[in-house]
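2 protein chains.
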Amino acid sequence: MSVITIIGSGQMGSALTFPAIENGNEVRLVGTHIDKEIIDRLREDNYHMTLKATLYDSCKYYQLEELEEALDGTDVVIGGVSSFGVDWFGTEILPKLPDGMEVITVTKGMINEPDGTLVPYPYYWQRMLPEGKKLSLNAIGGPCIALKLANHDQTHVAFCGEDMEVLRKFKNMLTTDYYHISLSTDVTGVECSVALKNGYAMATATAIGMEELRGDDFKLFDAQAMLFGQSMKEMMRLLDVVGGEPINLIHGVGDLYVTVFNGRSRRMGILLGKGIPYAEAKEMLAGETVEAVVIAQRTAQAVRDMAKRGVLKEEDYPLLLHIDDVITRGVKIDIPWDAFAEEQ
Amino acid sequence: MSVITIIGSGQMGSALTFPAIENGNEVRLVGTHIDKEIIDRLREDNYHMTLKATLYDSCKYYQLEELEEALDGTDVVIGGVSSFGVDWFGTEILPKLPDGMEVITVTKGMINEPDGTLVPYPYYWQRMLPEGKKLSLNAIGGPCIALKLANHDQTHVAFCGEDMEVLRKFKNMLTTDYYHISLSTDVTGVECSVALKNGYAMATATAIGMEELRGDDFKLFDAQAMLFGQSMKEMMRLLDVVGGEPINLIHGVGDLYVTVFNGRSRRMGILLGKGIPYAEAKEMLAGETVEAVVIAQRTAQAVRDMAKRGVLKEEDYPLLLHIDDVITRGVKIDIPWDAFAEEQ
Chain A
26 MSVITIIGSG QMGSALTFPA IENGNEVRLV GTHIDKEIID RLREDNYHMT
76 LKATLYDSCK YYQLEELEEA LDGTDVVIGG VSSFGVDWFG TEILPKLPDG
126 MEVITVTKGM INEPDGTLVP YPYYWQRMLP EGKKLSLNAI GGPCIALKLA
176 NHDQTHVAFC GEDMEVLRKF KNMLTTDYYH ISLSTDVTGV ECSVALKNGY
226 AMATATAIGM EELRGDDFKL FDAQAMLFGQ SMKEMMRLLD VVGGEPINLI
276 HGVGDLYVTV FNGRSRRMGI LLGKGIPYAE AKEMLAGETV EAVVIAQRTA
326 QAVRDMAKRG VLKEEDYPLL LHIDDVITRG VKIDIPWDAF AEEQ
Chain B
26 MSVITIIGSG QMGSALTFPA IENGNEVRLV GTHIDKEIID RLREDNYHMT
76 LKATLYDSCK YYQLEELEEA LDGTDVVIGG VSSFGVDWFG TEILPKLPDG
126 MEVITVTKGM INEPDGTLVP YPYYWQRMLP EGKKLSLNAI GGPCIALKLA
176 NHDQTHVAFC GEDMEVLRKF KNMLTTDYYH ISLSTDVTGV ECSVALKNGY
226 AMATATAIGM EELRGDDFKL FDAQAMLFGQ SMKEMMRLLD VVGGEPINLI
276 HGVGDLYVTV FNGRSRRMGI LLGKGIPYAE AKEMLAGETV EAVVIAQRTA
326 QAVRDMAKRG VLKEEDYPLL LHIDDVITRG VKIDIPWDAF AEEQ
């Protein structure tokens, strides 16, 4: 039995209370400053307002102000913030954790540096730590929808970090007969693969928008498959450029699959596929987090910056760069189909 | 302008008349012995009974008995038989083609030898040729549904063969603004990748069957993504074993994507996912070609045979081998979820 403190009581952080408690751990769930209401309600009757699920009664809840109390006696920490909370998590939370703490985070995405280098969050946070501070920073990638996890549906994710022993420890604390965990020390590969799927899910879903535009039941399966395959090809190439292990592409492509069929990237892609300009589509999806769009823009910017350095060629990423043109530069959608056919 | 003779007037062979004629070629469509009615009807009003499409008026139709006439003056041949017609095509048709003829076929799949070696059809046919006979044998792989191609939907395929110049010639004859063609000399990679998707599409679709069994609108997205990712992992491994280029995995995975969402492998997978024994599921799908099942069985057998030789390990293919157990040995479905989580 370990004491696991989850910081960030959004959907994913909270869904992880299920496998964590079922493994016999003591679980403490700490809300961030934007989670106050969620924690208040959980304290009443264990009902999670956005996850729409009732958590285990044994789960302990804390507001952010009670973080110190929550951390007292904590064995490991799970970070549950979204990519918008990355800097906050790095500057406000990590310095407060006891030295040597082992941390694993659900935050997906990477930071792009001015020269196009893509930095996975664990490495980004590592650099932000105060001098002398030592933490073990690990991450969770792969196709996992919080609502499905809370529902105990079969799910497969990858835990990545530099120390396999630490990863095994986290796996032992969290694995169940429905939450299956692969382990990898290839942090860049897993995180890059997973971050890439956002832009590509939007891109693949444009074919679904084209179908809907037709207004009949005719499915553009060939076109969807073409965009899916092209997405995979570009992901494969970028993974190679950043030095990731090819096998870790499966987490990103699995995630791509699930993102094409569910969620915000899909809805945005469908609108774009119908020819609706990005600014207008954004209005139509008002209220929805545009995390995926931000990640897609960052990845595209990284590709453009790396191309300037000669690390890769822009023409190897025609789909990503076109989608970026559409969402970042207001270009009218016009999928460059023929650019996908190549001699290999 | 070239004279293109298509042998086999099933859906795919016939759908190729569209890009072929639109490129200004003379196109001759020859029915096999099972296509008699199709050819009879096409001669009446150009309507293709199974493709449910009207072909171009300039298309010329031939019954098998008129093959010699069709071949007279032919520049290149397209083979349009299904994998059930492979031996027939090799023994009855190929020997009748003029020496040096360039042939490209739509037949997907591979032959497995007793030691587990997987042989792409172009190489299989090459070995069947009478002594001294020389033909250029090439193949088409990738996600292309005949009805979608006939409808001029955006489609991306791969032409593969040993001579890039011959492939370019075929591409020039057939490429259009909706039929996009990549070229590859990695015949084994393209064909293996494409052949593998049959069993895996059934496997991935079992999660859709599990959803339907629930009887509500709840989608098992995580489980689908898990099976899709696992399929890709096993395909990636087998492609590596047979020496295929990793990039050609995109044709197989694109094809996997489209096959999960459309067609017979999907329907079979859904029934199996509901727990219906294979024998019963087969009855329920009576009348449907079980080509995909045969290909899946062959691939699984090849994996088992290669494992005996120590070329690969059976435990690296838990999903394929379980699905094979279900369809070949009457085993009750019980997806080995936990076997998919690995240390990498």
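The listed protein sequences correspond, in order, to chains A and B. Heads up: the first sequence begins at 26 in this note's numbering, then just goes up one per residue. Heads up: the second sequence begins at 26 in this note's numbering, then just goes up one per residue. Glycine is no exception: its CB is placed at the ideal position from the N, C-alpha and C atoms.
Beta-carbon contacts of residue 99 of chain A that lie in its chain and below 6 Å, excluding the five residues immediately before and after | Your numbering for residue 99 of chain A matches position 74 in the first sequence. Residues 28 and 30 of the same chain have their beta carbon placed closer than 6 Å to that of residue 99 of chain A, with the five preceding and five following residues left out of the count.
I think residue 220 of chain A touches residue 85 of chain A, with their Cβ atoms under 8 Å apart; what is that distance to the nearest whole Å?
-> Start at 1 with the first residue of the first sequence, and residue 220 of chain A comes out as number 195. Start at 1 with the first residue of the first sequence, and residue 85 of chain A comes out as number 60. Contact between residue 220 of chain A and residue 85 of chain A does not hold, since the beta-carbon distance rounds to 32 Å and is not under 8 Å.
Check residue 114 of chain B in the structure and name its three-state DSSP category.
-> The sequence position of residue 114 of chain B within the second sequence is 89, counting from 1. In the three-state reduction of the DSSP assignment, residue 114 of chain B falls in the helix class.
Do the region 259–275 of chain A and the region 182–196 of chain B make contact, defined as three or more Cβ pairs closer than 8 Å?
-> No, they do not touch.
Taking any Cβ of chain A, which residues in the region 239–264 of chain B have a Cβ under 8 Å from it, in chain order?
-> Those would be 243, 244, 245, 246, 247, 248, 249, 250, 251, 253, 254, 255, 257, 258 and 261, in chain order.
Closer than 7 Å by C-beta to residue 245 of chain B: which residues in its own chain qualify, once you throw out the five before and the five after it? Chain order, please.
-> For the purposes of this step, residue 245 of chain B is taken as the residue at position 220 of the second sequence. Around residue 245 of chain B: 232, 235 and 236.
Pairwise C-alpha distance: residue 143 of chain B and residue 327 of chain B | To locate residue 327 of chain B, count along the second sequence from 1; it is residue 302. To locate residue 143 of chain B, count along the second sequence from 1; it is residue 118. Rounded to the nearest whole angstrom, the CA to CA distance from residue 327 of chain B to residue 143 of chain B is 7 Å.
In chain A, what lies closer than 8 Å to residue 211 of chain B by C-beta?
-> Within the second sequence, numbered from 1, the residue matching residue 211 of chain B stands at position 186. By Cβ distance, chain A contributes 369.
Return the chain-ordered ranges of every beta strand (DSSP E) run that is complete within the region 28–82 of chain A and spans a minimum of 3 residues.
-> Within the region 28–82 of chain A, the complete beta strand (DSSP E) runs of at least 3 residues are 28–32 and 51–55.
Whose CA, out of B:243, B:228, B:285 and B:217, lies closest to the CA of residue 249 of chain A?
-> One-based indexing of the first sequence puts residue 249 of chain A at position 224. Comparing Cα positions, the closest option is B:285.
Check the Cβ of residue 75 of chain B against every Cβ in chain A and list those closer than 7 Å, keeping chain order.
-> Taking the second sequence and counting its residues from 1, one reaches residue 75 of chain B at position 50. Residues of chain A whose Cβ lies closer than 7 Å to the Cβ of residue 75 of chain B do not exist; the shortest such Cβ separation is about 18 Å.
Could you give the distance in angstroms between the alpha-carbon of residue 341 of chain B and the alpha-carbon of residue 301 of chain B?
-> The residue labelled residue 341 of chain B in the question sits at position 316 within the second sequence. The residue labelled residue 301 of chain B in the question sits at position 276 within the second sequence. Here the C-alpha atom of residue 341 of chain B lies approximately 26 Å from the C-alpha atom of residue 301 of chain B.
Helix, strand or coil at residue 205 of chain B [DSSP, three-state] | Taking the second sequence and counting its residues from 1, the one referred to as residue 205 of chain B is at position 180. Residue state, collapsed to three classes: strand.
Give the C-beta separation of residue 33 of chain B and residue 104 of chain B to the nearest angstrom, bearing in mind that I take them to be a contact with Cβ-Cβ under 8 Å.
-> If you number the second sequence from 1, residue 33 of chain B lands on position 8. If you number the second sequence from 1, residue 104 of chain B lands on position 79. So it is a contact: roughly 6 Å between Cβ atoms.
With contact counted as at least three CB pairs below 8 Å, one residue from each stretch, are the region 34–41 of chain B and the region 353–364 of chain A in contact?
-> Taking a cut-off of 8 Å for Cβ pairs, the region 34–41 of chain B and the region 353–364 of chain A do not touch, as fewer than three such pairs fall below it.
Closest Cβ-Cβ distance between residue 347 of chain A and chain B: below 7 Å?
-> To locate residue 347 of chain A, count along the first sequence from 1; it is residue 322. No, no contact with chain B.
Under 7 Å by beta carbon: chain A residues contacting residue 233 of chain B = Within the second sequence, residue 233 of chain B is the residue found at index 208, counting from 1. One finds nothing in chain A with a Cβ atom closer than 7 Å to the Cβ of residue 233 of chain B; even the nearest lies about 11 Å away.
Out of curiosity, what's the CA-to-CA distance linking residue 136 of chain A and residue 149 of chain A?
-> Counted from its first residue, the first sequence places residue 136 of chain A at position 111. Counted from its first residue, the first sequence places residue 149 of chain A at position 124. Separation of residue 136 of chain A and residue 149 of chain A (C-alpha to C-alpha, rounded to the nearest whole angstrom) is 7 Å.
So which residues of chain A does residue 366 of chain B contact, with C-beta pairs closer than 7 Å?
-> Position 341 of the second sequence, counting from 1, holds the residue named residue 366 of chain B. 181, 205, 206 and 207, listed in chain order.
Contact the region 265–276 of chain B vs the region 150–159 of chain B: 3+ CB pairs below 8 Å | For the pair of segments examined, the region 265–276 of chain B was found not to touch the region 150–159 of chain B: the number of CB pairs separated by less than 8 Å stays below three.
Chain A partners of residue 363 of chain B, CB-CB under 8 Å?
-> Here residue 363 of chain B corresponds to residue number 338 of the second sequence, with the count starting at 1. Against residue 363 of chain B, the close residues of chain A are 202 and 205, in the order they occur along the chain (beta-carbon pairs closer than 8 Å).
Quick one: what does DSSP say residue 342 of chain B is sitting in, helix, strand or coil?
-> As a working note, residue 342 of chain B is residue 317 in the second sequence. It is coil, neither helix nor strand.
Does the beta carbon of residue 168 of chain B come closer than 7 Å to any beta carbon on chain A?
-> Here the question's residue 168 of chain B lines up with position 143 in the second sequence. For residue 168 of chain B, the nearest beta carbon of chain A is closer than 7 Å to its own beta carbon.
Ends of the alpha helix (DSSP H) at residue 217 of chain B?
-> Walking along the second sequence from the start, residue 217 of chain B turns up at place 192. Residue 217 of chain B -> alpha helix (DSSP H) spans 212–239.
Residue-chain proximity (residue 282 of chain B, chain A), Cβ-Cβ < 7 Å = Against the second sequence, residue 282 of chain B aligns to sequence position 257. Yes, because at least one Cβ of chain A sits closer than 7 Å to the Cβ of residue 282 of chain B.
Can you grab the Cα-Cα spacing for the pair residue 177 of chain A / residue 203 of chain A, in whole Å?
-> On the first sequence, position 152 is the one that residue 177 of chain A refers to. On the first sequence, position 178 is the one that residue 203 of chain A refers to. Taking the straight line joining both Cα atoms gives about 6 Å.
If you measure from the beta carbon of residue 318 of chain B to each beta carbon in chain A, is any gap under 7 Å?
-> If you number the second sequence from 1, residue 318 of chain B lands on position 293. Not an interface residue.
Express the C-alpha separation of residue 275 of chain B and residue 351 of chain A in angstroms, rounding to a whole number.
-> For the purposes of this step, residue 351 of chain A is taken as the residue at position 326 of the first sequence. For the purposes of this step, residue 275 of chain B is taken as the residue at position 250 of the second sequence. Rounded to the nearest angstrom, the two C-alpha atoms are 25 Å apart.
Do the region 211–220 of chain A and the region 164–172 of chain A touch if we need at least three Cβ pairs shorter than 8 Å?
-> Output reads yes: the region 164–172 of chain A touches the region 211–220 of chain A.
Does the beta carbon of residue 173 of chain B come closer than 7 Å to any beta carbon on chain A?
-> To locate residue 173 of chain B, count along the second sequence from 1; it is residue 148. Closer than 7 Å to some Cβ of chain A, the Cβ of residue 173 of chain B qualifies, so yes.
Assuming residue 358 of chain B contacts residue 298 of chain B under a Cβ cut-off of 8 Å, what Cβ separation, rounded to an integer in Å, is found between them?
-> Stepping through the second sequence from its first residue, residue 358 of chain B is reached at position 333. Stepping through the second sequence from its first residue, residue 298 of chain B is reached at position 273. That belief holds up - the Cβ atoms of residue 358 of chain B and residue 298 of chain B are roughly 7 Å apart, short of 8 Å.
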